Amino acid sequence: MAKKSKQVNNKEKEEKLTINNISAGDVITDSTRNSKEWNVDDDLIEQMRRYEQESNKTAIWKNKITGMFLFFKYYEDNPEEKKKAKKRGRKPKKVEEEEELTDEEELEDIIEMGMTFCNYIDPFKLRTIFRFLYFTGLRRMEYINLARKDFDFEKQTVYVRGKTKSRTERELPLTKKVAKDVRSYFNTEPEIKNAFNMSSSQMAWLLKDIQDFVPKGKRLTAHTFR
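Residue numbers for the sequence shown follow the numbering used here, so the first one is 301 and each next one is one higher.
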């Protein structure tokens, strides 16, 4: 009888999610998302937004709520994706033609999700990396080859050394926000491998994981930032 009661409770949880029974584990992996019978409505989304604003939780906890909010908002705005997620064990079909990510607001949403769920990298380092790549348009190897001596925070520039397929050494401007982010990150982690202490394979892995949070019909690759 206890087993049957547990099944009923699980079913009730899937039928109506609230701020009290939702957890980060509910939205971390594709397999978890595809096994849930989501019932997302405007009340739940508004409840999450209000709870985040009014609670006195830590910044990390609030960040998780923000990530969950963005996830459910995405499914609410994409009925077909929401419908596909209800089919247990089935992943949505890949879009045949996809556009590269170009919108800064979309990028910030993706960064927010990455900061929440990519637990193997410091969230503020992740944000700094993707903002830097987006606003400079550097290729992956140009980014990997940067040293901290290449940055001039007084002039708000970065000097890119070496040759690529079509470009030579050059100096690029940094926005005030990006320069501030990069400088703050440099103050928290010493230089070991390169400016951002990331290898090419580590960057490829991060891009692969962050792809889960890219809007339908868009794609995020190293070439997106060029």
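Every residue gets a Cβ at the ideal spot worked out from N, C-alpha and C, and that includes glycine. Since the structure is predicted, the reported quantities are computational estimates derived from the model, not experimental observations.
In summary, residue 496 is buried, with 16 or more beta-carbon neighbours lying within 10 Å of its beta-carbon over all protein chains present. By the CB criterion at 9 Å, residue 475 and residue 417 fall outside the cutoff.
Excluding its 5 nearest sequence neighbours in each direction, residue 430 has C-beta neighbours in its own chain below 6 Å: 411, listed in chain order. Secondary structure note for residue 473: its beta strand (DSSP E) is the uninterrupted segment 470-473. Using a 10 angstroms sphere on the CB of residue 488, the tally of other CB atoms stays under 16, which defines it as exposed. Shown here for residue 415: same chain residues with a beta carbon closer than 7 Å to its own, the five before and five after excluded, namely 363, 423, 426 and 427 in chain order. Non-local C-beta neighbours of residue 450 in its own chain, meaning closer than 6 Å and more than five positions away in sequence, comprise 458 and 459, ordered along the chain.
Per DSSP, the unbroken beta strand (DSSP E) holding residue 460 starts and ends at 457-460. Under DSSP, residue 417 shares a beta bridge with no residue. Going by beta carbons, residue 453 and residue 483 fall inside the 9 Å limit.
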